[in-house]
Structures are given as C-alpha cells and as structure tokens.
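Participant: Sharing a structure below in structure tokens format, with a few things to ask.
There are 2 protein chains.
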Amino acid sequence: MNLIDPETSKHDDAARAGWMYYVGGMTQDQIATELGVSRQRAQRLVSRAMAEGLIHVRLEHKIGSCLAAEAALKRRFGLTEARVAPYLGAGVDPARATAAIAAELLESYLARPDPLVIGFGTGRSLAAMVAELAAAPYERHKVVSLIGNIAPDGSASFYDVILRLADKLHVPHYPMPVPVLSETAEERALFYALGPVKAVVDLARNADVVFCGVGQMGGDAPLYKDGFVTRDQLAEMQARGATGELVGCVFDAGGVYLDTPLTARLGGVRIEPARSGPVIGIAAGTSKVPAIRAAIAGRLINGLVTDEATAEALLAG
Amino acid sequence: MNLIDPETSKHDDAARAGWMYYVGGMTQDQIATELGVSRQRAQRLVSRAMAEGLIHVRLEHKIGSCLAAEAALKRRFGLTEARVAPYLGAGVDPARATAAIAAELLESYLARPDPLVIGFGTGRSLAAMVAELAAAPYERHKVVSLIGNIAPDGSASFYDVILRLADKLHVPHYPMPVPVLSETAEERALFYALGPVKAVVDLARNADVVFCGVGQMGGDAPLYKDGFVTRDQLAEMQARGATGELVGCVFDAGGVYLDTPLTARLGGVRIEPARSGPVIGIAAGTSKVPAIRAAIAGRLINGLVTDEATAEALLAG
DNA sequence: GCATTGGATGGGCAAATGCTCATACCCTTG
DNA sequence: CAAGGGTATGAGCATTTGCCCATCCAATGC
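These protein sequence lines map, in sequence, to chains X and U. All residue numbers for the first sequence refer to our numbering, where the first residue is 229 and numbers rise by one. All residue numbers for the second sequence refer to our numbering, where the first residue is 229 and numbers rise by one.
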C-alpha cells in the first residue's frame with residue numbers, strides 16, 4: 229500500500245471516464261453508475277479528460293481537398309514537405325487543427341530509423357503541437373532548442389517546449405541556456421562564450437530537421453503580443469518592411485533578415501537561408517500569409533504545416 | 229478536373245464532419261450549416277466517421293491500477309511485455325479496449341530503428357488491432373503471416389490481417405500461400421514443398437516479434453465458431469485436455485501441444501515453446517484465462533495484452 | 001473559535017444528440 | 001416502361017449532455 233497522489237488519482241478517474249466515454253461509447257449515466265459517482269461528476273471527469281489532453285483524437289483519413297492542396301503547395305512553392313489541416317469551423321482557432329497535423333508530421337520524423345537531431349523554435353504553435361504528440365520513447369533522437377530559454381522575467385513557462393517534448397519522448401534534450409533577450413549585446417556575447425552554450429549552439433546549427441512557428445508582423449505580431457518589442461519598435465520595423473519572423477528574427481517580404489533593435493540581443497540560432505534538411509514552418513491563420521510567402525521566398529523554410537483556409541489563400545495569390 | 233470517386237467523397241465528408249466534431253468541438257448543427265447539409269445528415273456523417281474508423285481515439289495516460297496490473301503480470305508470470313487495457317463498461321466487449329492497447333504496443337515495436345520481421349496470427353483480436361493502427365510508412369520492417377491465407381471456401385476476407393497491415397504500414401508483406409486447412413496431409417506437404425512457400429515459412433520461423441491471438445477451448449472456442457472443427461471434434465479435444473490454441477495449434481493446460489485431427493492438415497507455422505524474441509498473445513475476456521495460463525506455462529508466449537478484468541482474474545488465481 | 005474563500009456537488013433546465021419511421025429517390029431488372 | 005429493392009432523407013421524439021446556480025465542505029486566516 230503506497231500513498232496515493234491525489235493529483236494522479238484525479239487524472240486516473242478522468243482518464244478512465246474519458247476512456248469509457250470515447251472508446252467504450254458508454255453514456256455518462258452508465259459511467260457514473262459504474263464508477264459510483266453522480267452523473268454530473270462523470271460529465272466533469274469526461275470533459276476534464278478531454279481538456280487536459282488525456283484523450284487524443286486523430287483523423288485517419290486524408291480529405292481529398294487537403295491532399296490536393298498539399299500537392300499544390302509542394303509544386304508551387306518547391307516545398308519538400310506540406311501538410312494541410314482540414315478546415316475546422318468558423319469560430320474555431322485554426323491553430324488547433326494545425327497542431328494535430330503538425331504532431332503527426334513530427335511523429336513521422338521520429339519514426340525514422342536513423343538518429344536525428346531535431347531543432348525547435350517556441351511559441352503557441354509549437355506548444356500546441358507538443359500537447360498533441362503521443363508519448364513514446366525515441367531515445368535515438370535528440371531535440372535542441374533554437375531559442376534561449378531564460379525569460380526576461382525569469383518565468384520559463386512559455387519556453388518549455390523542449391522540456392515537455394523531452395518528457396513525452398524520452399529523448400536527450402538541449403535547451404539553449406541563454407536569455408531569450410539579453411539586456412545588452414555584451415551580455416549576450418558573454419553567454420555565447422561559455423563552453424556548454426557553444427555546444428548547444430553547434431547542435432542547433434547542425435540539426436537535421438527544424439520545426440518552428442512562423443510569426444506575422446501585423447498589429448497582432450507575436451513579438452509584440454509577447455512583449456518582446458514595444459508598439460513603437462513594431463511600427464518602426466513595419467515601416468522598414470518587416471513581414472515575418474522566425475525564432476524572433478525578423479525578415480522582409482523577400483525573406484531577407486532585417487537588422488532590428490533585437491538582433492544583437494536575441495539569444496538563439498537564426499535559421500539561415502537555404503539551410504540543408506527540412507525546415508518546417510508551422511503557421512495557422514490567414515494573417516500569416518505574407519509572412520509565409522516571405523519565409524518561402526527567402527528559402528528560410530522548405531516545409532509547411534498550415535490550415536486549409538491559409539493554404540487556399542497562399543495558392544490563390 | 230478528374231472524376232470524383234463517390235466512395236472517396238463519402239469518406240471525405242464523413243472525415244470532415246468527424247474532424248469538426250471531435251477535434252473542433254463543433255455541434256452537429258454548426259457542422260450541418262457549415263457543410264450545407266441537414267442536421268441529420270451531419271449526425272450520420274459524424275457517426276459514420278467513427279464507425280468506419282476514420283477517427284481514432286487514444287488514451288494518453290496510463291491509469292494507475294492498470295500500470296500496477298502490468299507490473300504484477302510481468303513479475304508473476306515472467307513476461308517480457310504486458311499491457312492491460314482499462315475496463316470498458318459492463319456491456320462492452322473487452323476486445324474493443326484490448327485492440328487499441330495492442331495497436332499501441334505494436335506501434336512501439338514499429339518505432340524501433342532496427343528492421344524487424346514481425347509475425348502475425350489471425351482472428352478477431354488481430355483484425356481489431358489492425359483497425360486501430362495509425363497508418364504510417366515503416367518500410368524497414370517486414371510482416372509475415374504465421375497462418376495459411378487460403379480459406380477452405382476460397383473467401384479470404386477473414387484472413388487478410390497481413391494485407392490490411394501492409395496497406396496501412398507500407399511494409400513488405402508475406403502472406404503464407406497455403407490453405408489454412410488442407411484436405412489431406414499430402415496436399416499440405418505438396419504446398420510446403422514449393423520454393424516460395426518454404427521462403428515464407430522460413431521468414432515466419434525466424435520472425436523477431438510475434439503477435440497472435442490466444443484462443444480458448446470452451447464451448448465458445450474460435451476454432452469451433454469459425455467452423456474449423458465440428459462440435460464432436462471439439463468435444464473430443466476437450467476430453468483430451470485441450471485448454472487453448474495459438475494459430476490453430478491446440479495445447480493442454482500445461483501448454484504442451486496436442487496431436488489433433490487438424491494438426492497434420494493445418495497450414496502455417498506453429499509457435500514453438502521458448503521461442504526467442506517477444507511472442508505477444510492478445511487475449512480479451514475472462515473466458516480465456518485458462519488458455520492464457522496454459523500458453524504462459526508452456527512458454528509459448530512471453531508477452532500479453534489483455535483487459536483489466538482478465539488481468540485481475542489471472543492475478544487472482 | 002469564527003468568518004472567509006475557493007473549490008466540489010448535485011438539482012434543474014435548455015440545448016444537443018441519437019434513433020425510428022414514413023417517404024422519396026435512384027438504379028436495376030424484367 | 002413499369003416494378004421492385006435498396007438506400008438516402010428529414011420530421012418527430014426520447015434520451016443524453018452541458019451548464020448555471022444555489023449549496024455545502026474544508027482549509028485558511030483573523
């Protein structure tokens with residue numbers, strides 16, 4: 229008899245209820261009776277199982293129009309990899325759909341027999357993708373972060389893509405132990421001079437595959453929303469032609485990196501043009517269309533995971 | 229403009245509706261509006277998506293008591309692999325639960341980097357497992373059938389585990405081109421003398437991993453229900469101590485193979501005792517408890533996928 | 001010791017869902 | 001061309017589900 233962690237037992241109940249509901253097809257009433265709880269509690273358990281990601285749902289059939297869009301994207305933009313998530317209703321964030329499809333794509337790389345070093349950016353797309361991943365051991369691969377994991381305010385909660393990933397996949401992981409944004413260029417240089425940092429930077433530079441979010445530079449730019457740049461700085465960048473952003477590095481409509489106030493202080497590894505190996509951009513929502521076009525034009529990315537509407541918009545232009 | 233296969237387009241609609249419902253969390257009303265169909269049709273599409281296996285649901289959390297049962301099974305019976313599917317409601321066939329868990333286990337073997345030859349039996353358990361598998365390419369492995377795929381009446385519908393598997397996984401596949409049950413021992417010998425048959429038999433004998441169903445020998449014996457033996461033959465086998473069956477080969481309570489009327493005519497590769505490499509038995513339902521015990525006792529299997537109730541019954545004895 | 005706060009609980013109700021049935025449609029066959 | 005069989009459709013209804021809210025319980029602070 230060991231002590232039962234109340235948190236674990238809660239998850240257990242939720243998982244069991246979710247399992248009975250989604251796999252067993254039982255009604256919540258039956259589940260309630262079976263587990264000896266009230267109907268309401270069963271309902272709460274089921275919805276918690278879903279909300280906490282204990283239940284994963286996958287679509288096991290490529291919809292014709294998405295297949296067509298994938299083929300068209302590959303041909304039209306010379307991509308090596310393209311995945312299109314089916315449209316997911318009017319009120320639903322397309323990132324939800326895209327995350328599930330991105331997770332599938334990542335799993336297809338993980339399934340490869342040869343050991344890979346996989347580089348990851350940060351951001352909502354990546355975090356959502358990791359949440360959708362199925363946990364399984366893949367000791368042969370390595371995952372490395374392309375971006376510093378020391379947050380300005382010390383909070384690491386948004387930058388733990390690599391940690392969650394490593395936790396799920398049991399892969400050796402290499403977070404980049406530098407500030408996302410150093411105070412000064414000098415501080416940044418100090419970090420980069422450290423041996424362990426160099427090693428991670430090297431690994432990141434030579435990653436076999438890269439997954440990263442594609443940031444737009446409109447008023448809703450992630451860089452601005454997450455507080456990396458002020459409104460004024462954003463406006464200035466926009467005036468200078470800023471169109472998109474990859475792991476914090478801003479580029480213009482041609483996919484050429486701009487020199488911004490951030491550049492010298494940004495901790496991480498920039499994704500160089502025409503990088504060898506797959507560089508998969510994850511980009512949901514039509515507001516990212518210009519950024520996606522630019523990233524492709526500059527040969528910064530050669531793979532794309534997006535939603536149906538965005539794919540159509542890309543192909544329409 | 230190419231012709232649209234009506235079957236594909238039906239699946240497309242169902243997949244899309246299922247995706248919107250299960251991934252997008254939309255109501256069927258919203259989906260109906262979005263797709264421009266009636267609510268009833270949306271409902272039918274959603275339920276078809278589920279019924280046809282277009283939507284896969286996985287549980288991403290091991291329930292404590294199942295984990296404990298797995299550990300206990302391994303320890304108690306010296307198994308190298310044990311998976312326990314959570315209990316799935318009173319009225320629900322435990323095979324449903326077990327199939328999903330078995331698919332997960334198979335996927336964990338498929339994820340391994342080194343090329344494997346994986347042998348498969350037949351039967352409902354195996355067919356259900358394959359239905360639950362996620363499609364993905366795994367060219368490095370090979371799958372081979374342990375049992376003949378030529379049915380007595382010519383119908384191959386029940387023996388196409390390997391074909392479906394190969395279809396989903398894009399693996400080279402080797403069905404065993406012999407009758408499940410030859411008319412006479414001589415006919416069987418003729419088949420086995422053929423070069424291509426020999427090659428497949430060799431592959432099957434040397435498979436790195438084996439997945440097979442465990443058949444019980446009670447009144448509900450699969451061998452009898454599927455028409456391989458008559459009621460009288462079954463009774464005779466039972467009288468001689470028949471307790472279980474693996475790919476058609478019947479064994480007693482000690483897991484020692486019996487000589488039955490079938491033995492000399494059965495097409496396939498028998499699973500020998502103390503075979504090297506994992507031999508995973510898939511067995512759902514408490515009626516299989518004696519057969520499972522026997523198979524373990526005779527060292528015919530060294531891995532087990534079962535449901536929670538059966539695991540408990542095994543451990544209780 | 002008592003008040004407060006935060007979370008869990010179950011009643012109740014409106015919305016969503018699943019199902020049955022009568023009907024319409026289409027494709028085949030005589 | 002008509003009949004027939006099988007299938008898809010939408011109306012209507014019983015069941016199931018999601019959610020709000022009043023209430024309760026326990027832990028914490030005063």
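Even for Gly, the Cβ is constructed at its ideal location relative to N, Cα and C. Model, not experiment: these values are computed from the prediction.
Just mark Gln444/U as buried or exposed, buried being the case when its beta carbon has 16 or more other beta carbons within 10 Å.
Facilitator: It counts as buried.
Participant: So which of Lys426/U, Thr534/U and Ala277/U has the shortest CA-CA distance to Met248/U?
Facilitator: Selected option, being the one with the closest Cα: Ala277/U.
Participant: Whose C-alpha, out of Val497/X, Arg459/X, Ile390/X and Gly447/X, is nearest the C-alpha of Asp430/X?
Facilitator: Nearest of Val497/X, Arg459/X, Ile390/X and Gly447/X to Asp430/X, Cα basis: Val497/X.
Participant: So is Gln256/X buried or exposed if we call it buried at 16+ other beta carbons inside 10 Å?
Facilitator: So Gln256/X ends up on the buried side.
Participant: Using only the alpha-carbon positions, how far apart do Leu273/U and Asp535/X sit?
Facilitator: Their backbone Cα atoms lie some 22 Å apart in a straight line.
Participant: I want to see whether chain U comes within less than 8 Å of Tyr337/X, judged by CB atoms only; does it?
Facilitator: Taking Cβ atoms only, chain U never reaches closer than 8 Å to Tyr337/X, which makes this a no.
Participant: Going straight from the alpha carbon of Leu451/U to that of Ala356/U, what length do you get?
Facilitator: Distance between the alpha carbons of Leu451/U and Ala356/U: 18 Å.
Participant: Would you call the segment 510 to 517 of chain X and the segment 325 to 335 of chain X in contact, with 3 or more CB pairs under 8 Å?
Facilitator: Segments in contact, yes.
Participant: What residues from chain U crowd round Arg324/X, counting only those whose CB sits closer than 9 Å?
Facilitator: Correct list: Val251, Gly252 and Gly253.
Participant: Less than 8 Å separating the beta-carbons of Arg244/X and Pro322/U?
Facilitator: Contact: no.
Participant: Any Cβ of chain X within less than 8 Å of the Cβ of Ala288/U?
Facilitator: In the sequence on display, residue 288/U carries Glu and not Ala. Yes, because at least one Cβ of chain X sits closer than 8 Å to the Cβ of Glu288/U.
Participant: I'd like the list of long-range same chain contacts for Ala492/X, defined as Cβ closer than 6 Å, with 5 residues on each side in sequence excluded.
Facilitator: Same-chain partners within the cutoff: Ala413.
Participant: Closest to Glu415/X by CA distance: which of Pro518/X, Leu494/X and Ile283/X is it?
Facilitator: If we check each option's Cα against that of Glu415/X, Leu494/X comes out closest.
Participant: Just the C-alpha distance for Val297/X and Val312/X, rounded to the nearest angstrom, thanks.
Facilitator: Here residue 297/X turns out to be Ala, not Val, going by the sequence shown. Their backbone Cα atoms lie some 7 Å apart in a straight line.
Participant: Specify the secondary structure class of Lys290/U as computed by DSSP and reduced to three states.
Facilitator: Of the three classes helix, strand and coil, the one that applies to Lys290/U here is coil, per DSSP.
Participant: Just the Cα atoms here: how many angstroms apart are Thr471/U and Leu295/X?
Facilitator: Spanning the two alpha carbons is a distance of roughly 50 Å.
Participant: When you compare the CB of Pro341/X with every CB in chain U, is at least one pair closer than 8 Å?
Facilitator: At least one chain U Cβ lies under 8 Å of Pro341/X.
Participant: If we define contact as Cβ-Cβ less than 8 Å, is Gln258/X a contact residue for chain U?
Facilitator: So, interface residue.
Participant: In this structure, how does DSSP classify Ala525/U when only helix, strand and coil are distinguished?
Facilitator: Three-state DSSP puts Ala525/U in a helix.
Participant: Please name the residue in Pro407/X, Met254/X and Gly482/X whose C-alpha comes closest to that of Ile375/X.
Facilitator: That would be Pro407/X, whose Cα lies nearest to the Cα of Ile375/X.
Participant: Counting Cβ pairs, one atom from each stretch, are 3 or more of them under 8 Å apart for the segment 452 to 462 of chain U and the segment 361 to 375 of chain U?
Facilitator: Contact fails: fewer than three Cβ-Cβ distances are below 8 Å.
Participant: If the cut-off is 8 Å on Cβ atoms, which residues from the segment 500 to 513 of chain X count as contacting chain U, listed in chain order?
Facilitator: Cβ contacts with chain U come from no residue of the segment 500 to 513 of chain X.
Participant: Taking Cβ-Cβ distances shorter than 9 Å, what residues in chain U pair up with Ala537/X?
Facilitator: Per Cβ cutoff of 9 Å: no residues; Ala537/X is ~12 Å from chain U at best.
Participant: Measuring CB to CB, does Ala331/X end up less than 8 Å from Glu360/X?
Facilitator: Cβ atoms of Ala331/X and Glu360/X: closer than 8 Å.
Participant: Taking the straight line between their C-alpha atoms, what separation do you get for Val478/X and Val507/U?
Facilitator: C-alpha separation (whole angstroms): 54 Å.
Participant: Around the Cβ of Glu335/U, are there at least 16 other Cβ atoms within 10 angstroms (buried) or fewer (exposed)?
Facilitator: Glu335/U is buried by the Cβ-count criterion.
Participant: Since Tyr402/X and Val442/X are thought to touch, with beta carbons under 8 Å apart, how far apart are those beta carbons, to the nearest angstrom?
Facilitator: About 23 Å separates the two Cβ atoms, so there is no contact after all.
Participant: So, Val425/U versus Val389/U, is the Cβ gap smaller than 8 Å?
Facilitator: Their beta carbons are not under 8 Å apart, which means Val425/U does not touch Val389/U by this criterion.
Participant: Taking the alpha carbon of Pro518/U as the point to measure from, which residue in Gly505/U, Ala449/U and Pro501/U has its own alpha carbon closest?
Facilitator: Checking every option, the nearest Cα to that of Pro518/U belongs to Ala449/U.
Participant: For the beta strand (DSSP E) that contains Ser534/X, what are its first and last residues?
Facilitator: One detail in the question is off: residue 534/X reads as Thr in this sequence, not Ser. Where Thr534/X is concerned, the enclosing beta strand (DSSP E) stretches over Gly531 to Asp535.
Participant: If you compare alpha carbons, which of Leu474/U, Asn530/U, Ala523/U and Leu418/U is closest to Gly349/U?
Facilitator: For the residues Leu474/U, Asn530/U, Ala523/U and Leu418/U, the minimum Cα distance to Gly349/U belongs to Leu474/U.
Participant: Which chain U residues sit within Cβ distance under 7 Å of Pro314/X?
Facilitator: Within chain U, the residues near Pro314/X are Arg244 and Trp247.
Participant: Have a look at the DSSP bridge pairing and note the partners of Pro407/X.
Facilitator: Answer by DSSP bridge pairing, in chain order: Ile378/X.
Participant: Exposed or buried, which one is Gln258/X when buried takes at least 16 other CB atoms within 10 Å?
Facilitator: By the neighbour-count rule (16 or more Cβ atoms within 10 Å), Gln258/X is buried.
Participant: Could you give the C-beta distance for Val251/U and Leu333/X, rounded to a whole number, given that I count them as a contact under 8 Å?
Facilitator: So it is not a contact: roughly 16 Å between Cβ atoms.
Participant: Less than 8 Å between the CB atoms is what I'm expecting for Leu301/X and Leu532/X, so what's the real figure, rounded?
Facilitator: The Cβ separation is near 6 Å, so the contact holds.
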